[in-house]
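Visitor: These protein sequence lines map, in sequence, to chains W and V. Add 282 to a position in the first sequence, counting from 1, and you land on the number used in the numbering used here. Add 154 to a position in the second sequence, counting from 1, and you land on the number used in the numbering used here. Glycine included, each C-beta is placed from N, C-alpha and C at the ideal position.
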Amino acid sequence: MFPAAFDYRAATSLEDALSILKERGDEAKVMAGGQSLIPLLKLRLTRPELVVDIAHIPAMNGIKHDNGHVSIGALARHVDIERSKELATSAPMLVEAARWIADPLVRNRGTLVGSVCHADPAGDWGSVILAFDAEIVAVSQSGRRVIRAQDFFQGPFTTALKPDEMVTEVRIPVAKALAGGAYLKLERRVGDFATVAVAVQVELAGNKIARAGIGLTAVGPQNIKATEAERHLQGKEPTDEVIAQAARLAAEAAEPKEDARGSAAYKKDVVRVFVQRGLKSATGRAREAK
Amino acid sequence: MKVAVKVNGTERAGDVEPRVLLVDFLRTNLRLTGTHIGCDTSSCGACTVLIDGEPVKSCTVLAVQAAGRSIATVEGLAQGANLSPIQVGFHEEHGLQCGFCTPGMMLTGTALLDRNPNPTEDEIRWAISGNICRCTGYMNIVKAIQHAAMAREAANAAPREKAAAAAGGE
Chain W
283 MFPAAFDYRA ATSLEDALSI LKERGDEAKV MAGGQSLIPL LKLRLTRPEL VVDIAHIPAM
343 NGIKHDNGHV SIGALARHVD IERSKELATS APMLVEAARW IADPLVRNRG TLVGSVCHAD
403 PAGDWGSVIL AFDAEIVAVS QSGRRVIRAQ DFFQGPFTTA LKPDEMVTEV RIPVAKALAG
463 GAYLKLERRV GDFATVAVAV QVELAGNKIA RAGIGLTAVG PQNIKATEAE RHLQGKEPTD
523 EVIAQAARLA AEAAEPKEDA RGSAAYKKDV VRVFVQRGLK SATGRAREAK
Chain V
155 MKVAVKVNGT ERAGDVEPRV LLVDFLRTNL RLTGTHIGCD TSSCGACTVL IDGEPVKSCT
215 VLAVQAAGRS IATVEGLAQG ANLSPIQVGF HEEHGLQCGF CTPGMMLTGT ALLDRNPNPT
275 EDEIRWAISG NICRCTGYMN IVKAIQHAAM AREAANAAPR EKAAAAAGGE
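(1) Which runs of the beta strand (DSSP E) spanning at least 3 residues fall entirely within the segment 341-419 of chain W, listed in chain order?
(2) Any idea if W/Leu325 is buried or exposed, counting beta-carbon neighbours within 10 angstroms, 16 or more meaning buried?
(3) What did DSSP end up calling W/Gly502 once you bin it into helix, strand or coil?
(4) Hey, out of W/Gln516, W/Glu378, W/Arg329, W/Val377, whose CA is closest to W/Ala487's CA?
(5) Tell me whether W/Leu327 is buried or exposed, calling it buried when 16 or more other Cβ atoms sit within 10 Å of its Cβ.
(6) Using DSSP bridges, identify the partner residues of W/Phe284.
(7) Using CA coordinates, which residue listed in W/Thr441, W/Thr294, W/His351, W/Ala500 is at the minimum distance from W/Pro340?
(8) What does the alpha-carbon distance come out to for the pair W/Gly463 and W/His351?
(9) Pull up the distance between the alpha-carbon of W/Gly307 and that of W/Asp348, whole angstroms please.
(10) Measuring straight from C-alpha to C-alpha, what distance separates V/Glu275 and V/Ser224?
(11) So who's on the other strand from V/Asp169, going by DSSP bridges?
(12) Does the Cβ of V/Glu324 have 16 or more other Cβ atoms within 10 Å, making it buried, or fewer, making it exposed?
(13) Check the Cβ of W/Pro321 against every Cβ in chain V and list those closer than 8 angstroms, keeping chain order.
(14) Which residues does DSSP pair with W/Ser422 in a beta bridge?
(15) By the 10 Å Cβ neighbour count, where 16 or more other Cβ atoms means buried, how is V/Met260 classified, buried or exposed?
(16) Please work out which residues of its chain come closer than 8 angstroms, Cβ to Cβ, to W/Met283, disregarding the five sequence neighbours upstream and downstream, and give them in chain order.
(17) Count the other CB atoms, across all protein chains shown, that sit within 10 Å of the CB of V/Ala220; report buried if there are 16 or more and exposed otherwise.
(18) Can you pull out the residues from the segment 308-335 of chain W whose beta carbon lies closer than 9 angstroms to at least one beta carbon of chain V?
(19) Roughly how many angstroms separate the alpha carbons of W/Ala568 and W/Leu412, rounded to a whole number?
(20) Report the neighbours of W/Arg365 on chain V: residues whose CB is nearer than 9 angstroms to its CB, in chain order.
(21) Would W/Glu523 be called buried (16 or more neighbouring beta carbons within 10 Å of its own) or exposed?
(22) Do W/Gly396 and W/Ala476 have their C-beta atoms closer together than 8 angstroms?
(23) Would you list, in chain order, the members of the segment 365-392 of chain W that have their beta-carbon closer than 8 angstroms to a beta-carbon of chain V?
(24) For the alpha helix (DSSP H) that W/Leu296 lies in, which residues bound it at each end?
(25) Classify V/Pro239 as helix, strand or coil using the three-state DSSP reduction.
(26) Return helix, strand or coil for W/Leu468, following the three-state DSSP convention.
(27) Using 8 angstroms as the limit for Cβ to Cβ distance, is W/Tyr465 near chain V?
(28) Give every residue of the same chain whose Cβ lies closer than 6 angstroms to the Cβ of W/Thr565, excluding the five residues on either side of it in the sequence, and list them in chain order.
(29) Tell me where the alpha helix (DSSP H) around W/Gln432 begins and ends.
(30) Rounded to the nearest angstrom, how far is the Cβ of W/Pro386 from that of V/Gly284, given a contact under 8 angstroms?
(31) Do three or more CB pairs link the segment 331-346 of chain W to the segment 410-427 of chain W at distances below 8 angstroms?
(32) What's the C-alpha gap between W/Val333 and W/Asn489?
(33) With distances taken from CA atoms, which of W/Ala416, W/Val456, W/Glu540 is nearest W/Pro374?
(34) Would you say W/Phe288 reaches chain V, if we count a Cβ-Cβ gap shorter than 8 angstroms as a contact?
(35) Which two residues bound the contiguous alpha helix (DSSP H) that contains W/Val557?
(36) Using a 10 Å radius around the Cβ and a threshold of 16 neighbouring Cβ atoms, would you call W/Lys550 buried or exposed?
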């Protein structure tokens, strides 16, 4: 399979990329590793006039801890996250989730930021950044703006990005309190899209939950933030009853469709079970965290 | 567009449209047909090549993205008549049936052993989880990679033993 013809520009700097997007953003797609974009181009589900390759822009592949956040640069690949010593300490849920992305070969090229911008409702990183209440940094020639993860996803393959903008980093808040997370995914085989996946991140203050984040994968038109369930947990001790109720609320937030991977009712119940398990292991990990 | 890459240590160049995939560039422009096209949808790993030592699916890489990079294909594994340890492993352990996935499996195996010379069986299975053997011959593929790991270790140990023996004889 060949993609339809397109123009190709390899941006040499961020300024170069932004000036190309200023001029031709409406007809352009930005490409980092291309692991989501190239399959779409080949299937001709998208037919941009121009592909802007940002892979040669220097110093955008960093994973850096600064000022209470971990910053994931636009060129940081899934494999870089999987092997990051920084993240293994500061945000281990990302490392756990990275191991579930596609397969090892795809992880050698694909990026977190690219996957987030692709905004596939079955994408794993969307749920992870919703659970963390991460921030997406978008820049254009007109300036820089910070978008909350929950405002970023606007529908299947649709984000809050403007045509002349590109994302330079995703900022993950790192808790000062005891924190723990879990990413649980059901897939038929390695590399398949999730049947259901769930991201959970909690912070404890003493015996109580100071903050809980829950993101749901592949059970709606976009990654879903289970806000009712999060609110239910806030300020409570994570007893079995509290966790079970939060899991039910998360399942109610899911809007799955029946497909080859299972019925809607089945997927909703997987959400319930995974949120329950995820909260138990996340709170357990938070207690052990130093 | 002009694309210059280093393939198996040799500078190669071609003139391609941006939409040309790396696997087609290798097979059609450079006539290196050892890299196979399987699913053509980033699922099977038959098209695996190494870019700067890392295994990737060349059906999901544009040739222009590989510009300036070093690519290793199955044609570069043997040194003349000498098979590489991974090739010997696949031969000795019969790590293939139809052979279609074999080039990709051998490149993924090579990259694994470069990073992790002594992998566990789990680590081997994890590393090849993006390469599908439609004959389901995974048992022998795992054994073949283990064989290569042992052969590489022995080859690395041999000069040390010789050196030790030489030092002992003085």
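Guide: So, to answer that:
(1) 345-348, 351-355
(2) To locate residue 325 of chain W, count along the first sequence from 1; it is residue 43. Answer is exposed; the Cβ neighbour count stays below 16.
(3) Counting from 1 along the first sequence, the entry for residue 502 of chain W is found at position 220. W/Gly502: coil per DSSP, three-state reduction.
(4) Here residue 487 of chain W refers to the residue found at position 205 of the first sequence. It is W/Gln516 whose Cα lies nearest to the Cα of W/Ala487.
(5) If you number the first sequence from 1, residue 327 of chain W lands on position 45. Counting the other CB atoms within 10 Å of its CB gives W/Leu327 a total below 16, which places it among the exposed residues.
(6) Residue 284 of chain W sits at position 2 when you count from the first residue of the first sequence. Per DSSP, none; premise fails for W/Phe284.
(7) As a position in the first sequence, residue 340 of chain W is number 58, starting the count at 1. Closest option to W/Pro340, Cα to Cα, is W/Thr294.
(8) Position 181 of the first sequence, counted from the start, is the residue given in the question as residue 463 of chain W. Position 69 of the first sequence, counted from the start, is the residue given in the question as residue 351 of chain W. When rounded, the distance between both Cα atoms is 16 angstroms.
(9) Within the first sequence, the letter at position 25 stands for residue 307 of chain W. Within the first sequence, the letter at position 66 stands for residue 348 of chain W. Each residue's alpha carbon lies about 31 angstroms from the other.
(10) On the second sequence, position 121 is the one that residue 275 of chain V refers to. On the second sequence, position 70 is the one that residue 224 of chain V refers to. Cα to Cα, the separation comes out at about 29 angstroms.
(11) Position 15 of the second sequence, counted from the first residue, corresponds to residue 169 of chain V. DSSP lists V/Lys156 as partners of V/Asp169.
(12) Working through the second sequence from its first residue, we reach residue 324 of chain V at position 170. Because V/Glu324 carries a pLDDT of 45, less than 50, the predicted location of this residue cannot be relied on, and the following value inherits that uncertainty. So V/Glu324 counts as exposed.
(13) By 1-based counting over the first sequence, the position of residue 321 of chain W is 39. The answer, in chain order, is Thr195, Ser196, Thr214.
(14) Counted from its first residue, the first sequence places residue 422 of chain W at position 140. Note: W/Ser422 sits in a beta bridge opposite W/Gly425.
(15) The residue you call residue 260 of chain V lines up with position 106 of the second sequence. It is buried - the Cβ of V/Met260 has at least 16 other Cβ atoms within 10 Å.
(16) As a working note, residue 283 of chain W is residue 1 in the first sequence. For W/Met283, where only same-chain residues beyond five positions count, the Cβ hits under 8 angstroms are Lys324, Leu325.
(17) Taking the second sequence and counting its residues from 1, the one referred to as residue 220 of chain V is at position 66. Classification of V/Ala220: buried, given that the 10 Å Cβ count is 16 or more.
(18) If the cut-off is 9 angstroms between Cβ atoms, the segment 308-335 of chain W has Met313, Gly315, Gly316, Gln317, Ile320, Pro321, Leu323, Lys324, Leu325, Val333, Asp335 near chain V.
(19) In the first sequence, residue 568 of chain W corresponds to position 286, counting from 1. In the first sequence, residue 412 of chain W corresponds to position 130, counting from 1. Distance from the CA atom of W/Ala568 to the CA atom of W/Leu412, rounded to whole angstroms, is 18 angstroms.
(20) As a position in the first sequence, residue 365 of chain W is number 83, starting the count at 1. Per Cβ cutoff of 9 angstroms: no residues; W/Arg365 is ~10 angstroms from chain V at best.
(21) Locating residue 523 of chain W in the first sequence gives position 241, counting from the first residue. Only exposed fits W/Glu523, as fewer than 16 other CB atoms lie within 10 angstroms of its CB.
(22) Against the first sequence, residue 396 of chain W aligns to sequence position 114. Against the first sequence, residue 476 of chain W aligns to sequence position 194. No, these two residues do not count as a Cβ contact at 8 angstroms.
(23) Taking 8 angstroms as the Cβ-Cβ cut-off against chain V, the residues of the segment 365-392 of chain W that qualify are Ala384, Asp385, Pro386, Leu387, Val388, Asn390, Arg391.
(24) On the first sequence, residue 296 of chain W is found 14 positions in, with the first residue counted as 1. First-last of the alpha helix (DSSP H) with W/Leu296: 296-306.
(25) Taking the second sequence and counting its residues from 1, one reaches residue 239 of chain V at position 85. When secondary structure is reduced to three states using DSSP, V/Pro239 falls in the helix class.
(26) As a position in the first sequence, residue 468 of chain W is number 186, starting the count at 1. Looking at W/Leu468 - three-state DSSP - the assignment turns out to be strand.
(27) To locate residue 465 of chain W, count along the first sequence from 1; it is residue 183. Interface residue (Cβ-Cβ distance to chain V less than 8 angstroms): W/Tyr465 is not classified as such.
(28) Along the first sequence, one-based indexing puts residue 565 of chain W at 283. The answer, listed in chain order, is Val484, Pro520.
(29) For the purposes of this step, residue 432 of chain W is taken as the residue at position 150 of the first sequence. Segment 431-434, the alpha helix (DSSP H) holding W/Gln432.
(30) The residue given as residue 386 of chain W occupies position 104 in the first sequence. The residue given as residue 284 of chain V occupies position 130 in the second sequence. The pair is a contact, with the Cβ atoms about 5 angstroms apart (cut-off 8 angstroms).
(31) no
(32) Here residue 333 of chain W refers to the residue found at position 51 when the first sequence is read from its first residue. Here residue 489 of chain W refers to the residue found at position 207 when the first sequence is read from its first residue. Near 51 angstroms, if we compare the C-alpha coordinates of W/Asn489 and W/Val333.
(33) Walking along the first sequence from the start, residue 374 of chain W turns up at place 92. Of W/Ala416, W/Val456, W/Glu540, the residue nearest in Cα terms is W/Val456.
(34) Translated into the one-based positions of the first sequence, residue 288 of chain W becomes position 6. Answer yes: the Cβ-Cβ gap between W/Phe288 and chain V drops below 8 angstroms somewhere.
(35) Taking the first sequence and counting its residues from 1, one reaches residue 557 of chain W at position 275. Run containing W/Val557: 546-570, per the alpha helix (DSSP H) assignment.
(36) For the purposes of this step, residue 550 of chain W is taken as residue 268 along the first sequence, with counting starting at 1. With 16 or more other Cβ atoms within 10 Å, it is buried.
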